[in-house]
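Novice: Before anything else, here's the structure in question.
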Amino acid sequence: MSRSPATSASASDSNAEPAPPLSRTLRRIGALALPYFRSEEKWRARAMLASIVALNLGAVYMLVLNNQWFARFYDALQEKNQMVFWREIGVFCGIAAAYIAIAILKFYLTQLLQMRWRAWMTRSYLERWMRDHAFYRLELARYADGDAKPDNPDQRIQEDMQIFTDSTLTLSMGLLNAVVTLASFIGILWSLSGTANFTLAGHEVTIAGSMVWIALIYCAAGTVLTHLIGRPLIGLNFRQQRYEADFRHHLIRVREYSEAIALDRGERVEHAQLDLRFGAVLRNYLKLVRAQKNLVAFTTAFGQASVIFAFIVQAPRFFAGTIQLGQLMQVNSAFGRVQDALSWFVDNYDRVAVWRATADRLTGFEAAMRAHAGRAPALAALAAGDADGPRASGLDVSLPDGTALLRDVALAVHPGDRIVLQGPSGSGKSTLLRTLAGIWPHAAGSVALPADAMFIPQRPYVPDGLLRDALAYPRPAADYTDAQLRQALDDALLPALRTRLDDSDAWSRRLSGGEQQRLAMARVLLRRPRWLFADEATSALDAAAEDTLYRRLDANARSTEGAIVSIAHRASVGAFHDQRWTLVPSTDGTPDAPDGPGTPGMTGTPDVPRYRLEPSRAPT
């Protein structure tokens, strides 16, 4: 039977390799599927799978009974035997009722198993994706390599796992059903076929079970032709979802940066970019439709021909009086079952193509996470007591392409320090803070960071939902009283929000950039960390608000006997600090390419750093 184009299938990368051999694909699928059936849910999962298998066997048995019923029913019609006719109607109702009950229960158990399997698999992948900053580092690696692997991990987790679990169950149970049906009906067809007698090159040839051999030849030819016609679908399905995901990603970015785009009058540029990405979707989809059209044309013709094929072959025996109408119908039914079983690959080729593409995408994602987990960190994270303060030694920091940014850096932050970190744009100030936080993967050396340390990025993350949850993030809002939450909002110059703690909204879009930075400051005043690292944390604030908030941060640091390290370009921020660390171009640098990253005029190699960290001194 034909199917509609499977354009919702997951795909791999736009420059995907040709489809791997079937044996490798099956190993990949096994590696993805088996962990669930060996997990803590294994007994429930295996029991449900065994029940589904048993129900499939029961469904095939009902088909065998139905085939036997054909002979009795149509013989009764031919003989005009009314009593047998009505009796067989009753038998058919019983067979049909049992078959319907089996189908309903099989559907329910299959969907339940698929749901539980997907839930387990999704939680497993989410746990590994979120562990040790893998989500952040994989994104860095994606762009560092100039490649899109693994592209769109959100789509792989949300959509590909649903497709994989559903397709694995559906296709595997369908294949099992085909094998059992073939085993059940091939003997029936053999016994009903009679013998085929003909003369070949002057010799009398007799073939027993002729319909079986005809079915085998018919379906083998159909399978080969289906594979030849449908082979392009695998690569096209690889690419389709990539283009769909890229288009969807750009739409999301337009929503996220709608205000900036509107202020820049960038609608025409973004429209052109969306048209470009959607054009790739349409062009590949058109190729997919054309390939699907050829496959649908063949499989439809193949299926329609099989409807009358057995009648044509057996008609001479029927008209010669060798068999009755009941046996003719039974032969046709058995041939149809055997042909359906042997044509499983023909009927499911497009879905198998989608399944293989999905498995390849998940395998790539799995391999990337496994490689990340198995990569020994070059940066030694040391435990540090609060009294010791953050410190680093022998610190080497590089760009993702291996270019040295800093080499052999040693630094320490002590209680009472107020340090401003300055340097040209692109000199690695934020990267140095990321390294101290332990999330920058392209670093070596040792870093000690007390547990009571907090980092504020220039653009803080503000989750959607209740305001109290966004304010307390990442801690539970229940850790604080309403009075504490409201006081933090007041202290961060957000008094208008103090009555909206239980309002649910998309706060990242509702609040301005300055309000989001003030909300981040409210988190600091709420948590009262001893060691604070602020990366351009007041860049969107006016001078008066910046002055007020830094005074409150300073008061908090004094009360905790802590320290503040700030990245800032504004001279006004320096007034709140008594030390300055400066990243200055290395004297060993060589001229940089005009479009190279970092400060023009300076570059680095794996051995020669771009910048050095000057000894601290009082800011001027």
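Residue numbers (my numbering): -6 to 613.
Glycine is no exception: its CB is placed at the ideal position from the N, C-alpha and C atoms.
Keep in mind that this is a model prediction, so the values were computed, not measured.
For a quick check, are the C-beta atoms of residue 464 and residue 478 less than 8 Å apart?
Specialist: Stepping through the sequence shown from its first residue, residue 464 is reached at position 471. Stepping through the sequence shown from its first residue, residue 478 is reached at position 485. Pairing residue 464 with residue 478 gives a Cβ-Cβ distance under 8 Å.
Novice: Since residue 560 and residue 422 are thought to touch, with beta carbons under 8 Å apart, how far apart are those beta carbons, to the nearest angstrom?
Specialist: Here residue 560 refers to the residue found at position 567 when the sequence shown is read from its first residue. Here residue 422 refers to the residue found at position 429 when the sequence shown is read from its first residue. Right, the Cβ-Cβ distance comes to about 5 Å (below 8 Å), so this counts as a contact.
Novice: Out of 513, 519, 33, 272, which one is the CA nearest neighbour of residue 528?
Specialist: Working through the sequence shown from its first residue, we reach residue 528 at position 535. Nearest C-alpha to residue 528: 513.
Novice: In the DSSP assignment, find the unbroken beta strand (DSSP E) run with residue 384 in it and report its ends.
Specialist: Sequence index remark: in the sequence shown, residue 384 carries index 391 (1-based). That run of the beta strand (DSSP E) goes 384 to 391.
Novice: Quick check: what's the CA-CA separation for residue 444 versus residue 157?
Specialist: Your numbering for residue 444 matches position 451 in the sequence shown. Your numbering for residue 157 matches position 164 in the sequence shown. In a straight line, the C-alpha of residue 444 is about 41 Å away from that of residue 157.
Novice: Is residue 219 near residue 338, with beta carbons less than 8 Å apart?
Specialist: What you label residue 219 is simply residue 226 of the sequence shown in a count that begins at 1. What you label residue 338 is simply residue 345 of the sequence shown in a count that begins at 1. Less than 8 Å separates the beta-carbon of residue 219 from that of residue 338.
Novice: Between the beta-carbon of residue 181 and the beta-carbon of residue 346, is there less than 8 Å?
Specialist: Taking the sequence shown and counting its residues from 1, one reaches residue 181 at position 188. Taking the sequence shown and counting its residues from 1, one reaches residue 346 at position 353. For residue 181 and residue 346, no; Cβs fall outside 8 Å.
Novice: May I ask you to report which of helix, strand or coil DSSP gives residue 214?
Specialist: Your numbering for residue 214 matches position 221 in the sequence shown. Of the three classes helix, strand and coil, the one that applies to residue 214 here is helix, per DSSP.
Novice: Quick check: the Cα distance between residue 401 and residue 388, rounded to an integer number of angstroms?
Specialist: Residue mapping note: residue 401 aligns to position 408 of the sequence shown, counting from 1. Residue mapping note: residue 388 aligns to position 395 of the sequence shown, counting from 1. C-alpha of residue 401 to C-alpha of residue 388: approximately 5 Å in a straight line.
Novice: For residue 326, which three-state DSSP category applies?
Specialist: The residue you call residue 326 lines up with position 333 of the sequence shown. In the structure shown, residue 326 sits in a helix (DSSP, three-state: H, G or I).
Novice: I need the straight-line Cα distance from residue 324 to residue 313, nearest angstrom please.
Specialist: Locating residue 324 in the sequence shown gives position 331, where the first residue counts as 1. Locating residue 313 in the sequence shown gives position 320, where the first residue counts as 1. Their Cα atoms are separated by approximately 16 Å.
Novice: Tell me, please, whether the region 348 to 355 touches the region 148 to 163 by the rule of three or more beta-carbon pairs shorter than 8 Å.
Specialist: yes
Novice: Label residue 582 either buried or exposed according to how many other C-beta atoms from any shown protein chain fall within 10 Å of its C-beta, with 16 as the threshold for buried.
Specialist: In the sequence shown, counting from the first residue as 1, residue 582 sits at position 589. Confidence at residue 582 is low in this model, with a pLDDT of 47, below 50, so its placement is unreliable and no value can be given for it.
Novice: Output the boundary residues of the alpha helix (DSSP H) element that contains residue 627.
Specialist: Past the edges of the chain, shown from -6 to 613, lies residue 627, and the structure says nothing about it.
Novice: If you draw a straight line from the C-alpha of residue 270 to the C-alpha of residue 240, how long is it?
Specialist: Looking up residue 270 in the sequence shown gives position 277. Looking up residue 240 in the sequence shown gives position 247. Cα-Cα distance, rounded: 5 Å.
Novice: Tell me the DSSP secondary structure of residue 299 in three-state form.
Specialist: Taking the first residue of the sequence shown as 1, we reach residue 299 at position 306. Residue 299 falls in the helix class under three-state DSSP.
Novice: Where does the unbroken beta strand (DSSP E) through residue 533 begin, and where does it stop?
Specialist: Looking up residue 533 in the sequence shown gives position 540. Neither: residue 533 is in no beta strand (DSSP E) and is coded neither H nor E.
Novice: Rounded to whole angstroms, how far is the Cβ of residue 481 from the Cβ of residue 515, which I believe are closer than 8 Å?
Specialist: One-based indexing of the sequence shown puts residue 481 at position 488. One-based indexing of the sequence shown puts residue 515 at position 522. That belief holds up - the Cβ atoms of residue 481 and residue 515 are roughly 4 Å apart, short of 8 Å.
Novice: Quick one, which of 469, 537, 121, 95 has its alpha-carbon nearest residue 54's?
Specialist: The residue given as residue 54 occupies position 61 in the sequence shown. Checking every option, the nearest Cα to that of residue 54 belongs to 95.
Novice: Short check: CB of residue 544 to CB of residue 413, under 8 Å?
Specialist: Reading the sequence shown from its first residue, position 551 is the one you call residue 544. Reading the sequence shown from its first residue, position 420 is the one you call residue 413. No; because the gap between Cβ atoms is not below 8 Å, this pair is not in contact.
Novice: Out of 451, 475, 501, 494, point me to the one whose CA is closest to residue 562's CA.
Specialist: Here the question's residue 562 lines up with position 569 in the sequence shown. Selected option, being the one with the closest Cα: 451.
Novice: Is it the case that the Cβ atoms of residue 410 and residue 461 are separated by a distance below 8 Å?
Specialist: Taking the sequence shown and counting its residues from 1, the one referred to as residue 410 is at position 417. Taking the sequence shown and counting its residues from 1, the one referred to as residue 461 is at position 468. Contact: no.
Novice: Could you compute how far the alpha carbon of residue 228 sits from the alpha carbon of residue 235?
Specialist: On the sequence shown, position 235 is the one that residue 228 refers to. On the sequence shown, position 242 is the one that residue 235 refers to. For residue 228 and residue 235, the distance between alpha carbons rounds to 11 Å.
Novice: How big is the Cα-Cα spacing for residue 79 and residue 86?
Specialist: Position 86 of the sequence shown holds residue 79. Position 93 of the sequence shown holds residue 86. Taking the straight line from one Cα to the other gives about 11 Å.
Novice: In whole angstroms, give me the CA-to-CA distance for residue 309 and residue 315.
Specialist: On the sequence shown, residue 309 is found 316 positions in, with the first residue counted as 1. On the sequence shown, residue 315 is found 322 positions in, with the first residue counted as 1. Cα to Cα, the separation comes out at about 9 Å.
Novice: What does the alpha-carbon distance come out to for the pair residue 248 and residue 259?
Specialist: As a working mapping, residue 248 is identified with position 255 in the sequence shown. As a working mapping, residue 259 is identified with position 266 in the sequence shown. Taking the straight line joining both Cα atoms gives about 13 Å.
Novice: Along the chain, where does the alpha helix (DSSP H) containing residue 54 start, and where does it finish?
Specialist: The count along the sequence shown starts at 1 and reaches residue 54 at position 61. 35 to 72 is the span of the alpha helix (DSSP H), which, as asked, contains residue 54.
Novice: Going along the chain, which residues of its own chain have a beta-carbon closer than 6 Å to the beta-carbon of residue 457, five neighbours each way excluded?
Specialist: Numbered from its first residue, the sequence shown carries residue 457 at position 464. Contacts found: 499.
Novice: Report yes or no: do the region 102 to 116 and the region 33 to 44 share at least 3 C-beta pairs separated by less than 8 Å?
Specialist: yes
Novice: Expressed to the nearest angstrom, what Euclidean distance is found between the alpha-carbon atoms of residue 67 and residue 319?
Specialist: Walking along the sequence shown from the start, residue 67 turns up at place 74. Walking along the sequence shown from the start, residue 319 turns up at place 326. So the alpha carbons of these two residues sit roughly 4 Å apart.
Novice: Which residues bound the alpha helix (DSSP H) around residue 104?
Specialist: In the sequence shown, residue 104 corresponds to position 111, counting from 1. Start and end: 75 to 123.
Novice: Residue range of the alpha helix (DSSP H) that residue 225 falls in?
Specialist: Looking up residue 225 in the sequence shown gives position 232. Segment 225 to 249, the alpha helix (DSSP H) holding residue 225.
Novice: In the DSSP assignment, find the unbroken alpha helix (DSSP H) run with residue 168 in it and report its ends.
Specialist: Within the sequence shown, the letter at position 175 stands for residue 168. Looking at the DSSP string, the run of the alpha helix (DSSP H) that includes residue 168 is 154 to 186.
Novice: Under DSSP, the alpha helix (DSSP H) around residue 461 begins and ends at which residues?
Specialist: As a working note, residue 461 is residue 468 in the sequence shown. Per DSSP, residue 461 belongs to the alpha helix (DSSP H) from 460 to 465.
Novice: Leaving out five residues before and five after residue 403 in sequence, what residues of the same chain have Cβ atoms less than 6 Å from its Cβ?
Specialist: In the sequence shown, the residue the question calls residue 403 occupies position 410. Taken in chain order, the residues that qualify are 386.
Novice: Which of the three DSSP states, helix, strand or coil, is assigned to residue 578?
Specialist: Residue mapping note: residue 578 aligns to position 585 of the sequence shown, counting from 1. Residue 578 falls in the strand class under three-state DSSP.
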